[in-house]
Structure formats: C-alpha cells, structure tokens
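Before any comments, here is the structure.
Number of protein chains: 4
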Amino acid sequence: MRKAQETVFEIIEGADENGSRWSRYFDILIVSLISISILQVILESFQHIHALYEWQFRILEVFIVIVFTIEYLLRLWAARLKYPERGPITSRLFFIFSAYGLIDLFAILPFYLPFFLAVDLRFIRILRVMRLLRVFKLNRYLKAFRIVGAVIMDKRSELSITIFVTFLLLLLSSTVMYYLEGDVQPDSFPNIISTFWWAIATLTTVGYGDVVPVTGWGRFISGIIALLGIGLVALPTGIISAAFVEALEEEKGKKKKARPKLPEDGYRYCPYCGRPMEEH
Amino acid sequence: MRKAQETVFEIIEGADENGSRWSRYFDILIVSLISISILQVILESFQHIHALYEWQFRILEVFIVIVFTIEYLLRLWAARLKYPERGPITSRLFFIFSAYGLIDLFAILPFYLPFFLAVDLRFIRILRVMRLLRVFKLNRYLKAFRIVGAVIMDKRSELSITIFVTFLLLLLSSTVMYYLEGDVQPDSFPNIISTFWWAIATLTTVGYGDVVPVTGWGRFISGIIALLGIGLVALPTGIISAAFVEALEEEKGKKKKARPKLPEDGYRYCPYCGRPMEEH
Amino acid sequence: MRKAQETVFEIIEGADENGSRWSRYFDILIVSLISISILQVILESFQHIHALYEWQFRILEVFIVIVFTIEYLLRLWAARLKYPERGPITSRLFFIFSAYGLIDLFAILPFYLPFFLAVDLRFIRILRVMRLLRVFKLNRYLKAFRIVGAVIMDKRSELSITIFVTFLLLLLSSTVMYYLEGDVQPDSFPNIISTFWWAIATLTTVGYGDVVPVTGWGRFISGIIALLGIGLVALPTGIISAAFVEALEEEKGKKKKARPKLPEDGYRYCPYCGRPMEEH
Amino acid sequence: MRKAQETVFEIIEGADENGSRWSRYFDILIVSLISISILQVILESFQHIHALYEWQFRILEVFIVIVFTIEYLLRLWAARLKYPERGPITSRLFFIFSAYGLIDLFAILPFYLPFFLAVDLRFIRILRVMRLLRVFKLNRYLKAFRIVGAVIMDKRSELSITIFVTFLLLLLSSTVMYYLEGDVQPDSFPNIISTFWWAIATLTTVGYGDVVPVTGWGRFISGIIALLGIGLVALPTGIISAAFVEALEEEKGKKKKARPKLPEDGYRYCPYCGRPMEEH
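Protein chains in written order, with this note's numbering: chain A, 1 to 280; chain B, 1 to 280; chain C, 1 to 280; chain D, 1 to 280.
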C-alpha cells in the first residue's frame, strides 16, 4: 500500500520538469477540467444557453465534481508523503487546512452542500480558477509573487492606517452628507448606511453619478472628500513605492559578491605596511 | 483627596497591560458606550426605526452623555497627575486643549449646546468614533501612525504647493468654463462658484457626469483639466513616496550597529604630510 | 530724478521684512485690489448681482485698472534699479518679458484690448490671482517650489514620452472607437475629433458617462483603454517619485558636514604609521 | 547599381544632422504625406466633409499609397546596406520583420487588402502616425524612451502579477455580481461576460454610471471592488517607482569617476596575520 501511495503521490504532485509521463497526463486532465468548469459557469450565465443545454451542463458538472472529489481524496490519502515528518492524522489535517487544500475543498463543496442546506452556492464554482495556481505551479512568477507579498506584509501596519482613516472618512462624510442631503433627496440619501454608497464612489473617485449631492453644502463636502480621495491614493502608493525601493536595495545588497570586507573590530595588522596595529 | 485622585487617574488612564481590573472594566464600559452611540446615530438615520424607538433613543443618549460628562469631569479633575510638572490650573487647561481633551469635549457638547443655541449639531455625535483612538491606545499602530504623520509633516510645504496649484487650477478653469458654457447651459454653469463643482469632479477624475460640458471648447478645456488631474495625483504621490523612502532609510541608518569605521575623529597621522595629527 | 526712482523702487519692491512703512502700505493696497478684483469677477458671474450693480462694478474695474497701470508704468520706470547691470532700454525689456512683468501686463491688458479689437477677454482678469505670487513673495515656499519645479524640469523628456504615448493612445483609440460605435450612436461618436471626448474621459478614468460605448467590441476597447489609463497614472507618478527621491538624496549629500574625506587620488602618507605610501 | 543603392540609402536613411540636402527634402515629403494622411482619416470621419470631397480624398489616398509603396520598395531594395553583415535575402527579411518595417507595411496594407479580401481596414491607416517615430528619429528622447522601456521590461514579472490579479478580480467580482444583480437588472447584468463591463468601470475607477448596482449586497461588493481599485493603482505605481529609483541610481553609479578605493583586489598585507597576501 505504501508503494501505491508513492505512485499516486508522484502522479498528483510531481508535475514539475522531472515529473513522469502519467503525472503530466494527470495535470493536463485537471487543467482541462478547470477550464471547462470556468467556461461552463460563464456560459450558464447566458439564459438561452442555459435553457438549451440544461441537462448536459448538469452531467458535465457531476462528472467534474466526481473527478475533483477523487483527486481530493487521493491527495488526502497521500498527504503523509507531503508532510513526512507528521503523523498519519496530523499530516491529513495539515493538508485540509493548507491554502491549496482549502481551495481544493471549495472547488467541490458547492456541489455537496445543497444536499444538506437549502443554499445556492453555485457561483462559488468560479473559485476553481484559483486551482490553476497549483497546477501551473507558477515557478516562474513565484519570486515576483513573493516580493509583492513580502512588501505588502512588511508595510501592513502602515497600510492598515490607510484603511482605518478611509473607514473613518467614510463614516464621518456619510453622516454629514445624510444630514445635508437627506431631506432634499430622501431617495438617494435615505440613511447613513445607504450614504456609504455615495461616500465610496466619491472617495475612490469612481463617481458613478447615480447618487449626487444637489445642495450647495453637500457639493462642498463632496468636493472636499473627492480631493481627500487623491490623498487616499497617494498614501498607500507612497508606502508601497518605498517598500519596493527597500526590497530592491536589500536584494541588491545580498547579491553583491562577498569581497573581503573591512574587519568589523579593527585590523590586527596594517594592510599597507604589515606591522601589528599596536605598533602604529 | 490626593489618594482619591490617584485612584481615579489609575482607573481612567491605566488601561495598559499593567492596568488594574477596575481600569479594564472602565475601558470596556467606555468602548461599549461609544459603539452603542455610533450605532444609535446610524440607526436614527433610518426614519422608521427613529419613529419607532424615539424616546428609547432619547433616554439612551441622555444616559451616555451623563456617563461621558462624569468621565470628562473626572479627567479634568485628575489632569494634575497627567501633567505633574504644571500647576493646578495650567494642567487643566493643558488637558482641555489637548487633542484628546477636545475630542472628549466634542463628544458631549452637541447635547448641551441646543440649550443655549438654536442649532442642531446632533450629527457631531459621530465624532465620538474618534474617542476610540484613546481607548484602544493603538500601541501597536502608534509607530506606523508616527511615520505616516512625520512624512506628511516633513513635506508639508511641498504638499502645500500641490494644494495651492490645485486651487489656482480650480479657479482658472471654473472662470474659463463659466464663460464657455454659461450661456449654453445656464442651469449647470450658472456662476463661477457653481462651476467649481464641475472643476473638482473633473480634476479629481471623479466625473459624476451630472454637469458635463457640451460645447467644443468646453470639452477641450475639460479634457485638458482631466489630463492635468493625472499630474495632480502624480505630484503628491511622488512627494509622499520620496518622503517614505527617506524615512525608511533614516530608520535603517539608525539601526546599523556602530561598527568601527575609518577614524571619524581624525587620523592618527596626516595622510598628506605624514606628521602626527596632534602636531597640526 | 535718480533719487525719486530709488524711492519708488524701494516702495514697490522692498516689501520684505526690511521694507519701509510705505512699502508695506503699498503691498496692502495691491493685495486688497487683487482680492477685490477676483471677488468682482466671481460676483459678476452671478447674473442678478451683475444686473443690480452693473455701473458700480464698471467704476471699480476702471479704478483698479488705473492703479495697476500706474503701478506697471512705475515698475517699468524703475526697472533699471532691478537690473542695474543693464542699459536703460534693455533693463525695461527685461522687465516686460520677465515672468512677473508678463503677469502684470495680463492683469491690465483685458481692459485696453477691447478698444482696439472686438474681443471679450474679461475672463483673463482672473489671471490677476497670479499677481499674488509676487506680493506674497512666498519666501517660505520658494525652496519647495524650486524643488518641485526642478524635479519636473529634470524629467521633462521622460514625462514628454508619457504625453506623447497618451496622445498616440487617444488618437488610435478614438479612430477605432469611431469605426466601432459611429454607426450605432452617431450622436455620441459623430467623428474622430468628437470621439476624443470619450477617449480622454476613459483614459483619465474621469468617466462622466455622457458618452458610453454600447456595442460589445466598443466596450472591449473601452475596457482596454481604461486599464491602460492606470498605466498612464503609474508612469508619470513613478518618474516623479524617483526624481523626488533623487532630489532629496542630493540635498542630503550636500548637507553632510564636510568631514575630511578619503583623498581621491590616494594617500601620500599612511594614516596609521605616518610613513610615505611609496615606502609601503 | 551598388552606387545607386548607396545614393538611395543615403537619401532615405541619412536624415540625421549630417544628412545631405536631398535626404532632408525626402524627410519633409514623408512627414508632410503622413500628416496629410492622418488629417484625411480624421476629416473623412466628418460625414458631410466625406460626402463633399469623396473623390478628392480617394485620389489623395491613391497618391499617398503610391509614394509610400515606392518608398517601401526602395527601403527593401537598400536593406542590404542597413544590415551589411547579412546576405541579400536575409537582410530583406530582417527589414520586413523589423519594428519599423512592419509599421511601414501596415501603412500601405489597408489599401491593397480590400482587392483580395472583403474587409474594411481603412481605420488602420491611423497607424501611419507611428511612421513619424522613424522620421523624427527622436534622437533626443531616445535615452528617455530606453529608460522607460527598460524599467517596464525589468519589472515585467511583477507587473504581470498585477495583471493576473486584476483578471482574477474581474472574473470573481463579475460572477458574484451577476448572481446578485442579474435577477433585478437583467438588462444591465445579463450574463457574466457583460458584467465585465461594470467590473472594469469600477476597478479602474472610471465609473461611467451606465451600469450601476441597485441591491444592497451589489453595492457592498461594488464598494469593495472600488476600494481594491485603489490598490490596483498603488501596486504598479509602486513597482514602477522603485524601478525608476533603481535605474537612476545605477546610472549615477556608472557616472561616478573611478577613484582609488580601498584595494578591491586584495590588501598587500593580511590585516589579520600581517604577512604579505601573496604568501597566503
């Protein structure tokens, strides 16, 4: 059984350049099924296509979910080989709660849930697109991904402030706006929560134009918020720019080939005349 | 009395990790009241909820204001312990005009003002959300807050220029636009001040679309302003980015542990004449 | 006469901290007249105010122009003292074509031109706001102004590319869009020049929404242009950010107090043992 | 014939500062024809002008295409002198598939294609504007072009991530939005592909306002996407800013004239043991 486990593990995980032929076939199958599934979600949203091919779509979905379920169970079974230092149960729990494990679970869950709960989660199927992350393995972009991720993580407290200030601005401006425009346009500004819609559209400079102040003071506040919206763009951009500059410099610092540096605690001998420094 | 003052001070200020149990209870009470108060402001904006629970809301508001007023008076009373180097009156004035003191005052003022003035300042109650700043103390984000604040303060004259140029652009483009579109669309561009509404929406790239030029020249100017709007985003972003880069480098410079460099306090021998430096 | 010229020069130019009392009075007069003039332009745009106070506005305008004209002639007369190294005529030409001289001319020209040409240039009066630049002298913000200006000038060729690419994108997308939407919406996309209106609104992400594609391909192209619009913001912002970083570093480099640097062409004597380097 | 080829090559390629008089005349001719052609494309889009001067436009177009075709054939003929190290055929293929060669081909192709295919490619004529790139040679902006291009190329993997994440966001938000708004506004959100129109307009903060969510959850998701749109601007801007900072520093590093540093090629005496480095 250990042997079978190893074979399965090699097929489902070893799709790298040194993967076997079967492993490559397996990957092609999974990528095809993901692509077909995404296409199906998109096509089903066209009412007439959905009506025309309803039962074909149903069969396709059942087939895809069966394959993905088998794949998920195989991965669960072979998880011990992925985390060899763990026990038989902890290794499986590690897989289930790993990022990829959860994505795999979300890819099949929307199918099974309606049997137990009366919810329509079909649109979660679109998350299957994230399964491509695993199959493509993205070896090429991984470093770039890591840099971008590290930059955002490194500055998370500064970026949190931006989010906090944004939320504060949204709350304050929505309240003020509700009191200024609520009486004149009760349909557009019926309460503070609904006024958030205007506040976000203004602060992010989206400006749909479906909810627009008409009073003088309302327009004044709106103008202030729109101008502050520029600061809202400038702040995180500045933070992220500086973080990228820092990341690039650190990387460059590491790259510099290790040439004999100045000894940190002073020379013992003069590098010019060769005599002990004490004699100098 | 000094003893009571100290106990009160410890309860209302010492909510840090080393705070007493009563201090923690006090903080939980204040945070709860702030949250309830914010929720009340939002809920009151829903007309039917307001109509349904009008007197309950009124009682709640009176209760919250009483607690906040007592808290404010206690803080005022214990201010001497916060500014121990000041006298009994200056320490209280220091508290009243400190940032937190003013926020605390604004949190209760909207309730008392209507007794003296015929104004409806209820919406100022939303500023109570800023009281959370004190209670959470935000130890964790404080450094990030300080960096962001320092960056903005450090570049305030460069940023002022952006604001000055923005105002100039708004004034010039509004005047030009009024002369171009005022005759064709007297409702949308009735005067220069009203045309500011169009100018801000264009320069900040919000673009609601409720006021839009229709003449050829009007659209030409509008296009120029929209393109300049990109510069308006680029300029402060560039300034802030550079300031963050600078701030990060300075911080890094400080971190570097002081390793023995080439003698900063002068060489032992002059590299030019070869004589001991003392002889110079 | 030389004496009178000097007195006049001191009054109109010497408004700095060491200026005389009359010079300060003169400045207050000019700032007041500029402010009144700007206010007048804005107020005149309100139709009912204009109708009500028509001849008062006219008298005020004549008075302001007379004062400004006298001031201009005095500055012209005293120009020799501003450019002492120049001759009597070249110094005056220098003043006329200096930035401030042109602003001063534009401030009075709109009044005199209608006597010769049948044009309404009254809105140019708003440019008088730029005269404030001189009077406030802006000593405080001058350095920041110079940095911002130097940064933009330094990167003008890189920024020109952004403008060139922007123009190319506007031309190409307008042409394509005209062929895609022109038949379906002949009112919104009547010709390529009019389609520029849509192109600018999309590329700058203003998005008024008065001209919007409705065909599938039109929306596809519009989406591409909108996404490219983000690049259009990112490019100049990146250029300006880097330029500010550079400017700040150069400035910091200059500030570093001149400590004895490593001699550039090698030591003559070993700084440790004091013997000539040749002996090493 | 070799002589003729050289003369032709000098005329069509040698428009630099050291170009002959004929070469300059040739350049003026080509620039004029390009400008006229662009103008013609724009003017033809005005229906009444097109109707009025239909056959004049046709003749002009035939004339321009003839000149451009002759020019293209001459360049093809003289390609051997441009790539002297290549053979007679490979040098021509090199020209045909060079960036400039393709632009030149696209400038005449739209005229000939309709004889073979029933397609209207007249709008491709606008690409002739790109021919100006060659004629202006842009020696002045070339360095800036190269820097901008190098910066974008250098960070292409980081920028690809932004594009990938953007696409993922568009797909996910469109799917969610279709399920939220599809039933309420079947005209605005008929299927997932059409919902992309809303998603792009929101994520890029264009916000035309022709397609706007009306349900509470739809507006909530829309707000989230709009706020994420700010991140979408901040990320590429940050990447590009850092790349420009890096490019400027590298350039500055090169400029610094090589001054004798602490010996990079090893000390003469080991600073630790004091023996000559050769003995190590």
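All C-beta atoms, glycine included, are put in the ideal place defined by N, C-alpha and C.
Asked                                                                                                                                                           : Found
Going along chain D, which residues have a C-beta under 8 Å from Pro236/A?                                                                                      : Ile230, Gly231, Ala234
Is it right to say Tyr178/A is buried, meaning 16 or more other beta carbons lie within 10 angstroms of its own, or is it exposed?                              : buried
For the alpha helix (DSSP H) containing Gln40/C, name the first residue and the last one.                                                                       : 21-44
Please report whether the beta-carbon of Arg75/D lies at a distance below 9 Å from any beta-carbon of chain E.                                                  : Of the protein chains in the structure, A, B, C and D, none is chain E.
Quick check: what's the CA-CA separation for Pro114/B versus Ile108/B?                                                                                          : 12 Å
Buried or exposed, going by whether 16 or more other CB atoms sit within 10 Å of the CB of Val184/B?                                                            : exposed
Going by C-alpha to C-alpha distance, which of Ser194/D, Val245/D, Thr202/D, Gly209/D sits closest to Ala226/C?                                                 : Thr202/D
Nearest to Ala144/A by CA position, among Val151/D, Arg146/D, Ser160/D, Met130/D, is which residue?                                                             : Ser160/D
Do you know how far the Cα of Phe97/C is from the Cα of Val165/D?                                                                                               : 53 Å
Would the region 32-45 of chain D count as touching the region 61-80 of chain D if we require 3 or more Cβ pairs under 8 Å?                                     : yes
Does the distance from the C-beta atom of Gly209/A to that of Gly207/B stay below 9 Å?                                                                          : yes
Does the region 147-157 of chain B come close enough to the region 77-94 of chain B that 3 or more CB-CB pairs lie under 8 Å?                                   : no
To the nearest whole angstrom, what separates the beta carbons of Ala234/B and Lys155/B, a pair I think is in contact under 8 Å?                                : With 8 Å as the limit, Ala234/B and Lys155/B do not qualify as a contact, their Cβ atoms being about 15 Å apart.
Assign Lys3/C to one of two classes, buried (16 or more other C-beta atoms within 10 Å of its C-beta) or exposed (fewer than that).                             : exposed
Quick one: does Asp210/A have its CB under 9 Å from some CB of chain D?                                                                                         : yes
Going by the CB atoms, is the gap between Val67/D and Leu93/D shorter than 9 Å?                                                                                 : no
Given that a residue counts as buried once 16 or more other Cβ atoms are within 10 Å of its Cβ, and exposed if not, what is Arg21/C?                            : exposed
At a Cβ threshold of 9 Å, is Thr166/B touching chain C?                                                                                                         : no
Would you mind reading off the limits of the alpha helix (DSSP H) that contains Asp104/A?                                                                       : 99-116
Taking Leu73/A as the reference, give the member of Val129/A, Val8/A, Phe57/A with the closest Cα.                                                              : Val8/A
If Lys82/D sits next to Glu158/D, beta carbons under 8 Å apart, how far is it from one beta carbon to the other, in whole angstroms?                            : Incorrect: roughly 36 Å between the Cβ atoms, too far for contact.
Can the beta-carbon of Ile192/A be found closer than 9 Å to that of Ile49/B?                                                                                    : no
Do you know offhand how far Ala199/B's Cα is from Thr204/D's?                                                                                                   : 21 Å
Can you give me the C-alpha to C-alpha distance between Gly182/D and Arg128/A, rounded to a whole angstrom?                                                     : 21 Å
Short of 7 Å in beta carbon distance, which residues of its chain neighbour Phe196/C, apart from the five on each side in sequence? Order them along the chain. : Leu170, Ser174
Residue ranges of each alpha helix (DSSP H) run of no fewer than 4 residues wholly in the region 38-93 of chain C, ordered along the chain?                     : 47-52, 54-77, 79-82
Taking 9 Å as the CB-CB limit, is Val214/A close to chain C?                                                                                                    : no
Check whether the Cβ atoms of Ile176/C and Ile221/C lie closer than 9 Å to each other.                                                                          : One detail in the question is off: residue 176/C reads as Val in this sequence, not Ile. Yes; because the gap between Cβ atoms is below 9 Å, this pair is in contact.
For chain A, find out if any of its Cβ atoms is closer than 9 Å to the Cβ of Ser241/C; answer yes or no.                                                        : yes
Exposed or buried, which one is Pro84/C when buried takes at least 16 other CB atoms within 10 Å?                                                               : exposed
So which residues on chain D does Gly207/B lean against when the C-beta distance must stay under 9 Å?                                                           : Val206, Gly207, Tyr208, Gly209
Shortest alpha-carbon distance to Tyr100/C belongs to which of Phe111/C, Pro110/C, Ala79/C?                                                                     : Ala79/C
To the nearest angstrom, report how far apart Ile163/B and Ile240/B are at their CA atoms.                                                                      : 14 Å
From which residue to which residue does the alpha helix (DSSP H) around Arg2/C run?                                                                            : 2-13
Helix, strand or coil for Phe95/A? Go by DSSP, reduced to three states.                                                                                         : helix
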